Amino acid sequence: MRASLLLFFLLTTTTMATINQSNFRQQNVEFLFNMFKDYKVIQEPNHPIFYQGMAFYWYGAYVPSAERPQSCIILASHPDWPFDRNVFRNGTIPTAAVFGCQAGKMCQGAKCVEPLTHFNVVTYTLVGVVIILIICLLGGKSRAAKRNQQAEPPRGATEVFERPRRRAPRDPSFDNLFSPPPSMPRDNRVRFMSPPEYTE
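Below, the structure written as structure tokens:
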């Protein structure tokens, strides 16, 4: 699409009659050269292009093999499209690439990934629970060891045991929340006015 627009732009600008025609054409050629200097030209569309260790083929040149029986197609509109700056010899831009995945794997963008099965979810969950339990058990031993070290009295000292003081029990009733304390007179309570009554 880009290449065809650029060729159309080149044809329309070179057919215009200008006073300095040679300079104008030279500027157009330099403009096109600068546009295409970052592009890679695909010489043989039947041969694969390797990207991150995977072979990608153009326009159905891929034939499934025994080690990669699953065919995957990635379109140029996909966000993971790896061939942004590639163009064929005739100036067209590739719109799709085909690659293969191993048996039991699925296509995800330009990669082959293992599908998330019920067995995988259960396995990962169990491994996570075991790791959390190990961390909790190892963390508990170090705290107990610290308590034992702090509780050891120095040798030769007499041991004095003090009974810990208990707090006074709370009053379980909720009556004290809504009534004023006994030291406060009952006249200082907040009073709410009743809403006005409506007449018909």
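According to mature numbering (1 follows the signal peptide of the UniProt record, and there is no 0), the stretch in the sequence shown is residues -17 to -1, 1 to 183, in order. Glycine is no exception: its CB is placed at the ideal position from the N, C-alpha and C atoms. Being a predicted model, the structure only gives us computed values, none of them experimental.
Exposed unless 16 or more other CB atoms sit within 10 angstroms - verdict on residue i
i: R68; result: exposed
i: G122; result: exposed
i: R149; result: exposed
i: E180; result: exposed
i: I114; result: exposed
i: Y45; result: buried
i: R51; result: buried
i: E145; result: exposed
i: T1; result: Confidence is the limiting factor: at T1 the pLDDT is only 46, short of 50, which leaves the residue's position unreliable and the question unanswerable from this model.
i: T182; result: exposed
Residues that DSSP places opposite residue i in a beta bridge
i: W41; result: A80
i: V112; result: Paired residues: none, contrary to the question.
i: F102; result: DSSP, once it has assigned bridges, lists no residue as partnering F102.
i: Y34; result: M37
i: K23; result: N69
i: Q91; result: K94
i: I117; result: Paired residues: none, contrary to the question.
i: Q85; result: According to DSSP, Q85 bridges with nothing at all.
i: S54; result: G83
Contact belief for residue i with residue j at Cβ below 8 Å, rounded distance in angstroms
i: P65; j: A93; result: 5 Å
i: V70; j: V24; result: 6 Å
i: P47; j: S54; result: 6 Å
i: L58; j: T75; result: Not really, about 15 Å apart at Cβ, beyond 8 Å.
i: Q26; j: R72; result: 6 Å
Contact between the region 78 to 94 and the region 106 to 122: three or more CB pairs below 8 Å?
no
Check whether the region 41 to 56 touches the region 25 to 33, counting contact only when three or more Cβ pairs, one atom from each stretch, lie closer than 8 Å.
yes
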